[in-house]
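Asks: Can you keep this structure in mind? I'll have questions shortly.
Next comes the structure, spelled out in structure tokens:
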């Protein structure tokens with residue numbers, strides 16, 4: 001049902017005719033619902049949405065996410081570039097970095113990740129980017145550098161936010177790579193505590209004299225060091241052709 005799509009996404013569809021908007025909304029809602037359980041079918045729904053709403057940012061973002069989920073990293077990267085050009089948002093930069101990694105290009109992944117000042121991103125996007133950059137360092141056999149990528153202001157052992165569990169676990173994995181198993185286990189324990197703390201029933205949880213505050217996400221815009229490199233030029237990004245209804249039609253996988 002079109003009404004199953006979240007409000008912010010539905011607002012973006014208002015530039016379409018009602019018939020097209022309902023079509024696109026239905027397929028986007030199905031793509032979101034199926035992403036974790038049936039990524040291939042989710043991807044087909046995203047492709048269907050793109051046939052009628054290819055000029056809408058959320059449609060290109062959805063298509064990119066489903067393409068990434070089925071391992072079509074080239075399509076994911078192309079769609080993410082188009083999403084960024086349409087929306088002006090760098091919030092999916094981490095997924096772009098991971099798509100470069102998926103294509104076997106960790107050096108280009110690192111270059112892309114450094115192309116945007118970290119402090120220009122929301123806290124959650126900063127964390128996702130740090131995890132992706134750390135993965136690229138591991139791809140290159142650089143575990144010490146991978147650990148350094150994760151040592152960002154959001155890596156706070158005393159307070160946990162919605163992004164904390166994956167950050168803690170990524171840090172633990174790199175510590176394991178470095179043979180620091182005891183420290184790795186401590187960070188995995190913190191990840192479990194953070195997940196418990198994020199339960200709506202619990203506002204604050206204490207462990208080993210460490211208070212983990214679950215409700216401070218809105219105050220979590222921590223500072224990060226900006227990078228001076230020039231941003232990636234999206235002007236050279238190829239666009240998909242436009243169908244008769246004015247929507248972009250993504251290429252097949």
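Residue numbers (the working numbering): 1 to 253. C-beta atoms are modelled at their ideal positions from N, C-alpha and C, and glycine is treated no differently. The structure presented is a predicted model; accordingly, all values stated were derived computationally and were not measured.
If you draw a straight line from the C-alpha of residue 31 to the C-alpha of residue 89, how long is it?
Replies: 21 Å
Asks: What does the Cβ neighbour count give for residue 37, buried or exposed, with the cut at 16 atoms within 10 Å?
Replies: exposed
Asks: Please go through the same chain and pick out, in chain order, the residues whose beta-carbon is closer than 6 Å to the beta-carbon of residue 43, but skip the five residues on each side of it.
Replies: 66 and 70
Asks: Just mark residue 82 as buried or exposed, buried being the case when its beta carbon has 16 or more other beta carbons within 10 Å.
Replies: It counts as buried.
Asks: Of the residues 176, 127, 195 and 5, which one's Cα is nearest the Cα of residue 59?
Replies: 5
Asks: Can we say the segment 155 to 162 touches the segment 135 to 147, given the rule of at least three CB pairs closer than 8 Å?
Replies: No, the segment 155 to 162 is not in contact with the segment 135 to 147.
Asks: Determine whether the beta carbon atoms of residue 53 and residue 21 lie at a separation below 9 Å.
Replies: Going by beta carbons, residue 53 and residue 21 fall inside the 9 Å limit.
Asks: Would residue 131 be called buried (16 or more neighbouring beta carbons within 10 Å of its own) or exposed?
Replies: Its Cβ being crowded by 16 or more others within 10 Å, residue 131 is buried.
Asks: Does residue 151 come out as helix, strand or coil in the three-state DSSP assignment?
Replies: Residue 151 sits in coil when the DSSP states are folded into three classes, being neither helix nor strand.
Asks: Would you call residue 178 buried or exposed, if buried means 16 or more other Cβ atoms sit within 10 Å of its Cβ?
Replies: exposed
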